[in-house]
Each structure stands twice: as C-alpha cells, then as structure tokens.
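Numbering-wise (the numbering used here), the sequence shown opens with residue 7 and increments by one.
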Amino acid sequence: MEQNFKINNLIRENIKALKPYSSARDEYKDAKGNMVFLDANENPFNNGVNRYPDPQQKCLKTQLSKIKNVSVEQILLGNGSDEVLDLIFRAFCEPKKDNIITLPPTYGMYGVLANINDVENIEIELEDDFQPNMDEISRAAHTHTKLLFLCSPNNPTGNSFAKGKIEKLLKMFRGLVVIDEAYIDFSEQESWSNRLEEFPNLIVTQTLSKAYGMAGIRLGICYASKEIISALSKIKPPYNVNELTQQKALERLSKPEEVVTEIQKILKQRDWISSQLNEIPFVETVFPSDANFVLAKVDNATKRYNQLIEKGIVVRNRTNQSGCEDCLRFTVGAQEECERLIESLKEIK
Ligand SMILES: *Cc1c(COP(=O)(O)O)cnc(C)c1O
Numbered sequence: 007m008e009q010n011f012k013i014n015n016l017i018r019e020n021i022k023a024l025k026p027y028s029s030a031r032d033e034y035k036d037a038k039g040n041m042v043f044l045d046a047n048e049n050p051f052n053n054g055v056n057r058y059p060d061p062q063q064k065c066l067k068t069q070l071s072k073i074k075n076v077s078v079e080q081i082l083l084g085n086g087s088d089e090v091l092d093l094i095f096r097a098f099c100e101p102k103k104d105n106i107i108t109l110p111p112t113y114g115m116y117g118v119l120a121n122i123n124d125v126e127n128i129e130i131e132l133e134d135d136f137q138p139n140m141d142e143i144s145r146a147a148h149t150h151t152k153l154l155f156l157c158s159p160n161n162p163t164g165n166s167f168a169k170g171k172i173e174k175l176l177k178m179f180r181g182l183v184v185i186d187e188a189y190i191d192f193s194e195q196e197s198w199s200n201r202l203e204e205f206p207n208l209i210v211t212q213t214l215s216k217a218y219g220m221a222g223i224r225l226g227i228c229y230a231s232k233e234i235i236s237a238l239s240k241i242k243p244p245y246n247v248n249e250l251t252q253q254k255a256l257e258r259l260s261k262p263e264e265v266v267t268e269i270q271k272i273l274k275q276r277d278w279i280s281s282q283l284n285e286i287p288f289v290e291t292v293f294p295s296d297a298n299f300v301l302a303k304v305d306n307a308t309k310r311y312n313q314l315i316e317k318g319i320v321v322r323n324r325t326n327q328s329g330c331e332d333c334l335r336f337t338v339g340a341q342e343e344c345e346r347l348i349e350s351l352k353e354i355k
C-alpha cells in the first residue's frame with residue numbers, strides 16, 4: 007500500500023487549486039538589521055503584542071522538533087487540537103460525499119466536526135475490551151472513507167489501543183489514519199510520531215492542554231508527512247497561534263523537568279484513586295487507565311453524579327455514551343482534591 011499511496015488522491019480538488027492568503031509576514035519575513043516594518047498596518051507603539059505573531063511559529067516548531075525528534079516541515083500548530091482536527095476535515099473531506107470512521111465510545115469532537123463539515127460519520131463500536139473491531143472497520147471502509155480516527159490512549163475509556171492493531175490499520179486503511187495522542191505523555195506507549203517515515207497515511211495529533219498543563223493557551227500539534235503538513239498549512243488561518251501562546255509554550259517547553267515532575271505526581275494520584283475506587287461498595291468496575299483520568303462503572307451513574315455535585319465535586323457522567331452505561335470519568339486532580347473525592351464517595355449512601 008505504501009508504494010502506491012498518493013496524498014494528492016485524498017486532498018479535495020478545491021484545496022489543491024486554492025491560492026492561499028498571503029499575509030504581510032509571509033511576503034517579507036527577514037528581520038535582519040534595522041528594518042522598518044510599514045507593511046501590516048500595525049500600531050508602532052511597543053507593548054509586547056502590537057506586532058502580528060509569526061504565522062509559521064518557527065521558534066516554537068524548532069523547539070518541538072528537538073524535543074519530539076520530528077522535522078520542522080512535519081509539524082503544524084493550531085489553536086488547540088480542535089482546530090488541527092477541523093483543518094484535517096477541511097483539507098480531505100468533501101462535504102456530502104466523503105465519510106470518516108470513528109470508534110465510540112471516544113472523544114466527541116470527531117463526530118461534531120464531521121457534522122459541521124457535513125461529512126458522514128461511520129461509527130464502529132469498540133469491542134468489550136475497548137479495542138478496535140478490526141473486521142468491522144475493514145468492512146466499513148470504502149473509496150470515500152477519508153479518515154479513520156484512533157484516540158489512543160482513548161477518552162473516555164483510558165486505555166491504549168494494541169500496537170499491533172494500530173499497525174495493521176495503518177497498513178490496511180487506504181485513507182488517512184489520525185492518531186489522537188492527547189494523553190500520550192501519561193502513557194508508557196511510544197508515540198506514533200516516531201513512525202511517520204514508515205506510514206505516509208499517518209497523522210498524529212498532540213496538545214499542550216493535558217500533560218503540559220496549558221489548556222488555557224490553546225496549542226494543538228499535528229505531526230505528519232511534509233505533503234500532508236503542507237496541505238494543512240495552506241488552509242490554516244494565517245495567524246492561528248497568537249503571540250502570547252507562542253511565548254508561554256516556549257517557556258514551558260524549556261523546563262521539561264517541571265512537566266515530568268507534575269506527570270509523575272498525577273500518575274501516583276491516578277494509581278491511588280484507582281485502588282481507592284475499588285473499595286467503594288457501589289463501584290462495579292474500575293477500568294485501567296493510561297491517561298490522567300479513571301473511568302469507573304457504578305450502580306447508577308446519574309444518581310452518584312448528582313450526589314457528588316451536592317458535595318461540591320464535579321466529575322463527568324458518561325452514561326449516555328454507548329459502551330459507557332453507568333460510567334463516571336474522574337479526572338486526576340491534586341492530592342487534596344483526590345482525597346476529597348474519595349472521602350465524599352465513602353460518605354455517599
Ligand atoms: C482533551 C483532548 C484533546 C485536547 O484538545 P485541545 O483542543 O488541544 O485542548 C484532544 N483530544 C482528546 C481525545 C482529548 O481528550
């Protein structure tokens with residue numbers, strides 16, 4: 007499949023023909039010497055953000071490139087992974103004609119983005135062990151199936167998909183496989199961003215919102231082949247990652263030991279919560295987690311959810327998602343927060 011894979015067959019015709027908007031900073035970007043910039047109608051009085059940000063986010067990509075060992079041309083940044091995912095739909099999926107495959111229970115944004123873009127969402131439920139149903143996926147995929155979304159570790163189930171299954175899907179699926187690695191830094195699994203050279207149809211998305219503790223700045227990351235990144239770059243809004251976000255992200259990425267320490271604390275709390283949940287009489291199953299949350303099946307999710315609200319604790323009730331009936335999802339908080347959660351669960355009757 008790799009031999010005859012041609013990304014041009016997957017890109018929408020209008021995107022191939024598109025002449026992208028050329029911003030002032032795209033047309034002239036060499037900041038050498040004593041240049042006077044009178045090209046972008048900016049206010050000249052310096053306050054730190056009076057200039058437009060770098061549309062290509064070069065500093066930030068260079069730093070990520072070193073940390074993640076992926077070349078700068080294989081990185082696209084967005085206003086959260088949600089923007090990155092939307093760009094993927096808009097570059098590859100023809101409204102009313104193409105479709106995608108998602109594997110519920112999973113992250114709700116894939117389905118919402120499919121609806122927004124008027125693209126059919128073929129849902130193939132995960133098997134009982136929350137692993138992909140390989141036969142059903144291969145049966146459902148056809149020529150208009152452009153994207154297959156694999157969320158691993160998966161939200162809300164918390165598990166990673168088996169490496170062999172992902173590999174098989176990458177080889178078998180003729181469209182693009184999008185692996186959403188929002189929770190990869192909590193997991194022992196290796197990132198698929200290390201396998202881009204092997205799989206020309208692979209897109210990996212990550213985010214600074216979870217392990218890096220920066221949900222507020224909105225920075226999503228996409229790793230893929232140069233060809234895919236160039237198609238996505240062509241349609242992204244010119245200044246989609248703002249100056250403050252670029253600065254904050256650079257600061258954070260320059261202190262990797264802080265991030266590692268926080269992740270270790272979160273993992274310790276996660277294991278503690280999982281063991282404590284097992285002791286609660288109305289908790290029926292605590293699912294293993296590779297992420298910073300724990301999914302548990304209880305006797306009556308809505309009742310328990312409301313009782314926790316009464317105690318001032320907000321968790322996520324996933325009971326309406328198929329495959330997650332009577333399940334609550336607990337985000338792993340700070341130690342005091344986890345203790346308060348467990349105490350409250352013990353008090354509930
Ligand atoms: C939280 C989450 C994201 C993050 O989205 P951002 O827009 O980057 O904050 C992406 N995918 C999944 C599965 C998530 O749970």
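No residue lacks a Cβ here, since even glycine has one placed at the ideal position from N, Cα and C.
Query	Result
Extract the residue ranges of the beta strand (DSSP E) inside the region 94 to 161, only unbroken runs of 3 or more that lie entirely within it.	105 to 108, 126 to 129 and 151 to 157
Quick check on the burial criterion: 16 or more other C-beta atoms within 10 angstroms. Buried or exposed for L44?	exposed
Would you tell me roughly how many angstroms separate the C-alpha atoms of I231 and I209, rounded to the nearest one?	Here residue 231 is Ser; the residue named in the question, Ile, does not match the sequence. In a straight line, the C-alpha of S231 is about 8 Å away from that of I209.
Distance cutoff 7 Å, beta carbons only. Does T337 sit that close to anything in chain E?	The chain inventory of the structure shown lacks chain E, comprising one protein chain alone.
Anything with a beta carbon under 5 Å from a heavy atom of ligand 1 counts; list them all in chain order.	G86, S87, D88, Y113, C157, N161, D186, A188, T213, S215 and G226
Taking the C-alpha atoms as reference points, what is the distance between S281 and F293?	11 Å
Can you confirm whether the region 66 to 77 touches the region 264 to 274 when touching is taken to mean that 3 or more C-beta pairs between the two stretches lie within less than 8 Å?	no
Can we count R96 as close to ligand 2, meaning its CB is less than 6 Å from some heavy atom?	The ligand content of the structure shown is limited to ligand 1, which means ligand 2 is not among them.
Give the range of the beta strand (DSSP E) segment to which A302 is assigned.	F299 to V304
I'd like to confirm the pairing. Which residues does DSSP put opposite Y27 in its beta bridges?	Paired residues: none, contrary to the question.
Hey, out of N326, A297 and N298, whose CA is closest to Y311's CA?	N326
What does the alpha-carbon distance come out to for the pair V300 and A221?	19 Å
For the alpha helix (DSSP H) holding E249, just list the boundary residues, first then last.	E249 to L259
What is the residue span of the beta strand (DSSP E) that G84 lies within?	I81 to G84
Would you report the Cα separation of W278 and L182, rounded to the nearest angstrom?	38 Å
Classify I27: buried if its beta carbon has 16 or more other beta carbons within 10 angstroms, exposed otherwise.	First, the residue type needs correcting, since residue 27 is Tyr and not Ile in the sequence shown. Answer is exposed; the Cβ neighbour count stays below 16.
Assuming V290 is part of the beta strand (DSSP E), what are its boundary residues?	Going by the sequence as given, residue 290 is Glu instead of Val. Here the beta strand (DSSP E) through E290 covers V289 to V292.
Between which residues of its own chain and N248 is the CB-CB distance below 7 Å, once the five residues before and five after are set aside?	P59
Evaluate I81 with the Cβ neighbour count: other Cβ atoms within 10 Å of its Cβ, from every protein chain shown; 16 or more gives buried, anything less gives exposed.	buried
Note down the Cα distance separating C99 from E233, rounded to an integer number of angstroms.	16 Å
In the DSSP assignment, what residue or residues form a beta bridge with I185?	L156 and V210
Can you name, in chain order, every residue of its own chain whose Cβ lies under 7 Å from the Cβ of V304, other than the five neighbours on each side?	F288, V289, E290, R310, D332 and L334
Per DSSP, R322 is paired with what?	R335
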